[in-house]
Structures are given as structure tokens and as C-alpha cells.
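**Student:** If you scroll down you'll find the structure; I have some questions about it.
Residue numbers (the UniProt record's numbering), protein chains in the order written: chain A, 1 to 315; chain B, 1 to 332.
Below is the structure:
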């Protein structure tokens with residue numbers, strides 16, 4: 001009896017697969033428009049987009065994915081025109097900025113194209129069918145919580161990125177997480193998500209503050225510059241440096257149990273792959289997909305680091 | 001009567017020249033005093049050595065820029081060139097692999113050769129293409145920057161061999177006679193630069209070309225050769241700066257050297273070299289580079305400037321420093 005039930009289930013399953021395969025005969029083209037690899041994180045976006053494109057085309061025969069990168073907002077608007085000319089059924093777009101690209105994406109939408117927006121939202125959220133984003137406030141909060149939990153009390157110095165909404169959301173929520181704890185922010189400076197600038201600012205922090213307990217570098221590129229400055233200054237008071245974004249070199253060191261880098265906070269460039277998967281599923285499965293997906297900013301520690309380690313990614 | 005008038009005019013001119021050459025040094029002293037008033041930690045040896053060491057890259061590149069600008073040219077590509085040379089040098093080191101001095105020497109040679117070639121390309125296009133250097137170097141700026149992004153696939157180019165990295169590290173972090181090596185390197189580059197600019201016929205040709213091209217041509221200055229060579233010198237200076245830069249972080253990213261061209265040009269102009277050409281001051285340039293780094297250092301050390309306003313205050317300090325210099329000349 002039990003055996004029969006299994007056979008029955010298997011039969012239904014294979015029938016389902018067969019009919020699924022049948023419906024896959026329809027041809028779908030997905031256009032993917034992303035920024036060119038101008039720094040580490042966008043380099044990761046390009047890598048994950050290309051990997052996901054290969055994998056999706058293999059999974060769903062009849063699906064064609066076109067990935068286009070653009071060096072700035074204006075050329076991304078042109079790239080959208082080029083993609084529309086190739087008769088795409090869906091567009092996955094990581095816009096350079098909200099203001100410049102809202103109208104071009106709206107034009108694409110008017111032709112009946114399915115729209116998935118990634119990371120940076122458009123001015124008009126009614127344009128998108130799907131929205132996939134990282135969580136910047138959470139990114140700051142998780143970092144702040146880790147520092148208060150580990151230090152209990154002490155002094156931290158903070159590195160800001162480039163003056164943007166993203167940076168503001170991260171830093172203000174980091175400070176909110178510190179409120180009421182014994183951890184104090186000694187200093188905040190912009191270092192532009194850049195290694196050299198972070199090295200410079202850290203040297204100056206070391207000259208200015210005789211006792212620093214921890215550093216929130218808020219980004220892995222900046223963390224690397226900070227580490228080099230600490231090493232040169234031969235300072236023993238600093239217990240650890242917390243970066244962010246999950247760069248592979250740093251995740252590796254977290255995985256190996258580096259004392260100066262006990263943790264990291266994720267902000268995965270792989271979110272582009274999530275968006276592409278969900279978009280493809282919209283066409284090839286019957287599951288409802290429309291909606292907003294916010295990826296967690298997760299704390300990466302020695303125990304879970306291997307889930308965040310992509311040795312082949314450039315980032 | 002005429003005799004005395006002539007004599008005084010000669011004397012004022014010499015005094016004038018001296019003050020003009022001295023004014024960047026005066027600005028430097030004023031900044032140091034201001035810094036020590038703002039934060040007592042400023043005047044520690046460690047901090048001052050850090051600042052001067054950090055200014056080494058821009059100072060070395062700016063020595064080359066002094067030649068280019070004195071000859072009436074401009075090179076906007078130095079920042080991108082620096083990133084490209086650093087990237088290629090690290091890739092070469094990674095390819096060669098072994099952690100010994102010969103590997104290092106080959107990598108350095110590759111860096112210098114590439115930077116000289118990049119400079120030569122700039123120079124040849126400017127002279128034989130007869131295109132404005134602003135446009136040419138704006139073009140090569142984009143080319144060099146894209147090449148390094150392409151080499152890094154948007155990520156980071158890092159030295160793989162950690163033993164080699166440890167072997168190379170002292171070139172930035174080490175010191176001889178208590179003076180950090182990068183400072184010694186940039187003093188040497190500045191000394192050689194000054195020697196070439198002030199004591200050789202080539203140096204005089206550079207200045208002649210910058211002050212009046214027609215006159216220089218009729219005076220028999222080999223215009224094309226001089227013009228091409230200044231860009232090669234600029235390229236070599238970028239190469240030397242990179243030899244000191246790579247051991248610091250052991251990596252190059254697409255944002256390496258971003259806006260270095262502007263800092264180098266600013267250092268040259270603060271140092272008293274005229275942007276329109278015809279005058280070159282190596283000593284002033286070096287001081288200009290140190291001033292730029294000092295201003296940034298004072299900003300971080302001070303407690304009363306909000307991090308949102310650092311850029312504004314930095315800009316204001318540079319403008320005020322230039323105004324003070326200008327008023328010194330007018331006073332004569």
C-alpha cells in the first residue's frame with residue numbers, strides 16, 4: 001500500500017515535470033541592466049549576474065538572458081533602449097541612481113515589460129513588479145549590536161563611506177544600536193570606501209586617540225587599510241576591526257579565526273542573482289512572485305562564514 | 001642717477017624672486033603652528049613622519065608634473081596611470097611567484113618600463129598628433145583606468161605571496177637613519193628633478209618652451225623632443241611613486257589613485273609653478289604636496305570641524321594660503 005502511494009506520488013511528480021517542460025517551450029528573454037564593475041562590490045554584482053545568467057539558461061530551456069553593464073546613469077538609460085529593441089519580456093535593473101533612471105524604466109514598463117528593480121529603488125515604486133534590496137539600516141544595526149555585545153563598554157572609531165543615503169542609513173542605525181550601552185563613538189570621518197583613504201584616516205585616529213577598543217570600518221576595503229595602519233602603529237589596545245559587505249579575502253580570515261577580524265556583516269552583491277531567479281520563476285512556474293524582497297544583513301562569524309565564501313568571485 | 005635706479009630695481013627683483021620661492025615654506029610654517037595649536041598630538045614626531053611619508057606619492061608624481069606644467073603642458077592621466085602600473089606590477093609579481101629579491105627587481109623594472117611607455121604614449125600623441133594635452137591625457141586617463149578595472153575584473157589585484165609581501169613591505173614602512181624610506185626616495189627624486197630642471201640645457205629648454213613656444217623654436221630648442229620627454233619624465237615619476245605605494249597595502253583596486261592628478265597639479269601650483277608654464281619650482285612643489293597632506297591631517301585631528309564640512313574647510317585653507325602668497329608678491 002505504502003509502495004503504491006510512493007509510485008503514485010512519483011507519477012504525479014514526473015507528469016508535473018513533463019507538463020512543466022512542455023510549457024517551457026515558450027521563449028522568454030530577460031534583460032539585465034547593471035552598473036559596470038567600477039569598484040569591488042559592483043564587480044561582484046557583474047560576476048553574480050553572469051553566473052546566474054548561465055545557470056538560469058541551463059535550468060529553463062527557452063530562456064534567454066542578456067546582461068548589459070553601463071559605466072554611468074546616462075549610458076544605462078541608453079542600454080535600456082538597446083535592451084527594449086531586443087524585445088525583452090522582463091527587465092532586471094540595478095539603477096545607478098533613482099532620479100535619472102525612473103523615467104527610462106517607466107518607458108520600458110509602458111511596453112508591457114515585467115520590471116524587477118534591485119537595491120536602489122526608483123522614485124515611483126508603482127513601476128516595479130518585483131523589488132529586491134539589501135537592508136542598509138539593518139547593516140548598521142547588526143554591526144552596532146555586535147560591537148556592544150562583544151565590548152560591553154569602550155571606545156570605537158567609525159569610518160564612513162561616500163556621503164550618500166546608503167551611508168547615512170548605515171551610520172545612523174549603528175549609532176542607534178549603541179545608545180544606552182557603554183560603547184562610545186570617539187570619532188567619525190569619511191574615507192570614501194577606499195583603502196588608501198582609510199589607511200590615512202586610521203593613522204590620524206591613532207595619533208589623536210590614545211585608547212581605542214574597536215574600529216567599525218563599515219566596509220571591507222576600508223577594513224584592509226585600517227589593519228595596515230594598526231600594524232604599523234603597533235597598537236595593542238585595539239581588540240578588533242569590523243568591516244562589512246562580505247569581501248572574500250575578509251570572509252576567509254573570519255573563517256580562519258583571525259582575532260582582529262572576528263566577524264563581518266553581509267551585504268551580498270549576489271542579490272542580483274536572487275532578483276534574476278525570482279524573475280525567471282515568474283515566467284516558468286505558477287508560484288506568485290510579485291512583491292518586495294528584503295535580504296537580511298547577516299552577521300558572518302567563524303561558524304557560518306563558509307556560506308558566504310565565494311572563492312571565484314572577484315569581490 | 002640711472003645707475004642707482006637700475007641697481008635698486010635689480011635688488012628688488014632678486015628680493016621678489018626669493019620671497020616668491022619662499023612663500024610656500026612660509027605657508028607650511030603657518031600651518032604647522034596652526035596644527036600644534038589645534039591638537040598637541042599634532043607635533044609628535046610619529047604624526048609628522050606619518051604625514052610626510054604619506055605625501056611621498058603625490059610629491060614624487062608632482063615633481064614630474066612640475067616638468068610638464070613648466071613646459072606649458074598638463075597631464076591628467078597620472079592617477080589612472082598609477083593604478084594601472086600598480087596593477088600590472090602586482091600581476092607580474094604574482095606570476096613570477098618566488099619570494100626573493102630578483103622577483104622584486106623584475107617587478108619594479110616592469111613597473112618603471114610600463115610607466116615610461118605610458119608617458120611616452122602621452123608625449124607622442126601630444127607632439128605628433130598636435131592635440132591639446134588636456135584632451136590627450138583626459139583620453140588616456142579613461143583608457144588607463146578602464147584597463148585596470150578590466151585587469152581586476154572590477155575587484156582587487158592583491159599580492160598573493162605573503163613572504164614576498166613581507167620582503168617588500170619595508171620599502172614603505174622601513175626607515176634608514178630614523179627617516180622613513182619613502183621620504184628618502186622623494187627627497188632623492190626631488191634632488192634629481194631640481195638638478196635636471198635648473199642645471200641642464202634640457203631643463204632650460206623646458207622652461208623656454210613653456211614661456212614662449214615661438215621664441216623657443218627660433219632659438220633652436222628641439223621642441224618635439226623636449227615636449228615628448230617631459231611626459232616620459234612624468235611617467236617615470238609615476239612609476240617610482242608606485243614602487244613605494246605597492247608595499248603599503250599590497251594591492252591595487254579600481255579606485256587606486258583616484259583624483260591624484262588633481263592633487264599633483266594643486267601641489268605644483270601651491271609650490272609657485274605657474275599653470276600657464278614658463279616657471280618651474282621643484283622645492284615649492286614638494287612643500288605643496290606636504291601642505292596638502294598636512295591640511296587633511298589637521299582636519300582629522302581637530303575636534304571642531306564636523307565630518308560633513310571637512311572638504312569645505314580644506315578648500316578654504318588652500319585658497320587662503322594662496323591669497324597670502326599672492327599678497328606677499330604684491331607687497332614688493
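Glycine is no exception: its CB is placed at the ideal position from the N, C-alpha and C atoms.
Whose Cβ in chain B lies nearer than 7 Å to the Cβ of residue 279 of chain A?
**Tutor:** Neighbours of residue 279 of chain A on chain B: none; closest Cβ ~23 Å, over 7 Å.
**Student:** Would you please state the rounded distance, in angstroms, between the beta carbons of residue 67 of chain A and residue 50 of chain A? I believe it to be under 8 Å.
**Tutor:** That pair is a contact at about 6 Å.
**Student:** Is residue 100 of chain A close to chain B, meaning its C-beta is less than 8 Å from at least one C-beta of that chain?
**Tutor:** Not closer than 8 Å to any Cβ of chain B, the Cβ of residue 100 of chain A fails to qualify, so no.
**Student:** Please state whether DSSP places residue 69 of chain A in a helix, a strand or coil.
**Tutor:** Looking at residue 69 of chain A - three-state DSSP - the assignment turns out to be strand.
**Student:** Name, going along the chain, the residues of the segment 150-162 of chain B whose beta-carbon falls closer than 8 Å to a beta-carbon of chain D.
**Tutor:** No chain D appears in the structure shown, which is made up of the protein chains A and B.
**Student:** Give the DSSP-derived three-state secondary structure of residue 126 of chain A in the structure shown.
**Tutor:** It is coil, neither helix nor strand.
**Student:** Which term fits residue 86 of chain A, buried or exposed, when burial requires 16 or more other beta carbons within 10 angstroms of its beta carbon?
**Tutor:** Under this definition residue 86 of chain A is an exposed residue.
**Student:** With H, G and I counted as helix, E and B as strand and the rest as coil, what does DSSP make of residue 267 of chain A?
**Tutor:** Correct three-state label for residue 267 of chain A: coil.
**Student:** Can you confirm whether residue 301 of chain B, when its beta carbon is compared against all beta carbons of chain A, has any partner nearer than 8 Å?
**Tutor:** Yes, because at least one Cβ of chain A sits closer than 8 Å to the Cβ of residue 301 of chain B.
**Student:** Give the residues of chain B in contact with residue 315 of chain A, contact being defined as C-beta atoms less than 7 Å apart.
**Tutor:** Here the neighbours are 155.
**Student:** Since residue 307 of chain B meets chain A, which of its residues come closer than 7 Å, beta carbon to beta carbon?
**Tutor:** Those within 7 Å of residue 307 of chain B in chain A are 160, 188, 189, 190.
**Student:** Specify, as a first and last residue, the run of the beta strand (DSSP E) that residue 55 of chain B falls within.
**Tutor:** That residue, residue 55 of chain B, is in no beta strand (DSSP E); it is neither H nor E in DSSP.
**Student:** Mind the definition here: the segment 298-311 of chain B touches the segment 23-37 of chain B only if three or more C-beta pairs lie below 8 Å; say whether that holds.
**Tutor:** A contact exists between the segment 298-311 of chain B and the segment 23-37 of chain B.
**Student:** Can you give me the Cβ contacts of residue 282 of chain A inside the same chain, cut-off strictly under 8 Å, excluding the 5 residues immediately before and after it?
**Tutor:** So the list reads 90, 114, 129, 130, 289, 290, once near-sequence residues are dropped.
**Student:** Find the nearest neighbour of residue 102 of chain A within the set A:120, A:112, A:111, judged by alpha-carbon distance.
**Tutor:** Ranking the options by Cα distance to residue 102 of chain A, first place goes to A:120.
**Student:** Kindly list, in the order they appear in chain A, the residues whose Cβ is closer than 9 Å to that of residue 297 of chain B.
**Tutor:** What residue 297 of chain B touches in chain A: 200, 203, 204, 207.
**Student:** Which whole-angstrom value describes the C-beta separation of residue 118 of chain A and residue 275 of chain A, a residue pair presumed to lie in contact below a C-beta threshold of 8 Å?
**Tutor:** The Cβ separation is near 5 Å, so the contact holds.
**Student:** Answer with yes or no whether the minimum CB distance from residue 194 of chain A to chain B is below 8 Å.
**Tutor:** It does; some Cβ of chain B falls within 8 Å.
**Student:** How is residue 251 of chain B classed by DSSP in three states: helix, strand or coil?
**Tutor:** Correct three-state label for residue 251 of chain B: strand.
**Student:** Got a sec, what are the start and stop residues for the beta strand (DSSP E) residue 160 of chain A sits in?
**Tutor:** Element bounds for residue 160 of chain A: 153-160.
**Student:** Determine, for residue 248 of chain B, whether the minimum Cβ-Cβ distance to residues of chain A falls below 8 Å.
**Tutor:** With 8 Å as the cut-off, residue 248 of chain B counts as an interface residue toward chain A.
**Student:** With DSSP as the reference, label residue 314 of chain B as helix, strand or coil.
**Tutor:** In the structure shown, residue 314 of chain B sits in a helix (DSSP, three-state: H, G or I).
**Student:** How big is the Cα-Cα spacing for residue 44 of chain B and residue 312 of chain B?
**Tutor:** Spanning the two alpha carbons is a distance of roughly 26 Å.
**Student:** Using the beta-carbon of each residue, which ones in chain B are nearer than 9 Å to residue 270 of chain A?
**Tutor:** In chain order: nothing, as chain B lies at least about 14 Å away.
**Student:** Would residue 193 of chain B and residue 66 of chain B be called neighbours here (beta carbons separated by less than 8 Å)?
**Tutor:** A contact, by the Cβ cut-off of 8 Å.
**Student:** So, is residue 177 of chain B buried or exposed, given that buried needs 16 or more other C-beta atoms within 10 angstroms?
**Tutor:** Result: exposed.
**Student:** Rounded to a whole number of angstroms, what is the C-alpha to C-alpha distance between residue 112 of chain B and residue 241 of chain A?
**Tutor:** So the alpha carbons of these two residues sit roughly 35 Å apart.
**Student:** Which ranges does the alpha helix (DSSP H) cover as unbroken runs of at least 4 residues, wholly within the segment 224-288 of chain A, from first to last along the chain?
**Tutor:** As far as the segment 224-288 of chain A is concerned, its whole alpha helix (DSSP H) runs of at least 4 residues are 248-255, 271-284.
**Student:** Which value, in whole angstroms, describes the spacing of the CA atoms of residue 198 of chain A and residue 215 of chain B?
**Tutor:** Going from the Cα of residue 198 of chain A to the Cα of residue 215 of chain B covers about 48 Å.
**Student:** Do you know offhand how far residue 78 of chain B's Cα is from residue 172 of chain A's?
**Tutor:** Taking the straight line joining both Cα atoms gives about 37 Å.
**Student:** List the whole-angstrom C-beta distance separating residue 104 of chain A from residue 80 of chain A, where the pair is believed to meet the contact cut-off of C-beta under 8 Å.
**Tutor:** Indeed, because the Cβ distance is near 5 Å, the residues count as touching under 8 Å.
**Student:** What residue range is occupied by the uninterrupted alpha helix (DSSP H) comprising residue 125 of chain B?
**Tutor:** Here the alpha helix (DSSP H) through residue 125 of chain B covers 101-129.
**Student:** Can you pull the chain B neighbours of residue 228 of chain A, defined as C-beta to C-beta under 8 Å?
**Tutor:** Those within 8 Å of residue 228 of chain A in chain B are 248, 249.
**Student:** Using only the alpha-carbon positions, how far apart do residue 277 of chain A and residue 270 of chain A sit?
**Tutor:** Answer to the nearest angstrom: the Cα atoms are 11 Å apart.
**Student:** What are the boundary residues of the alpha helix (DSSP H) that includes residue 174 of chain A?
**Tutor:** Here the alpha helix (DSSP H) through residue 174 of chain A covers 165-178.
**Student:** Do residue 285 of chain B and residue 266 of chain B have their C-beta atoms within less than 8 Å of each other?
**Tutor:** It is not a contact, given that the beta carbons lie outside the stated cut-off.
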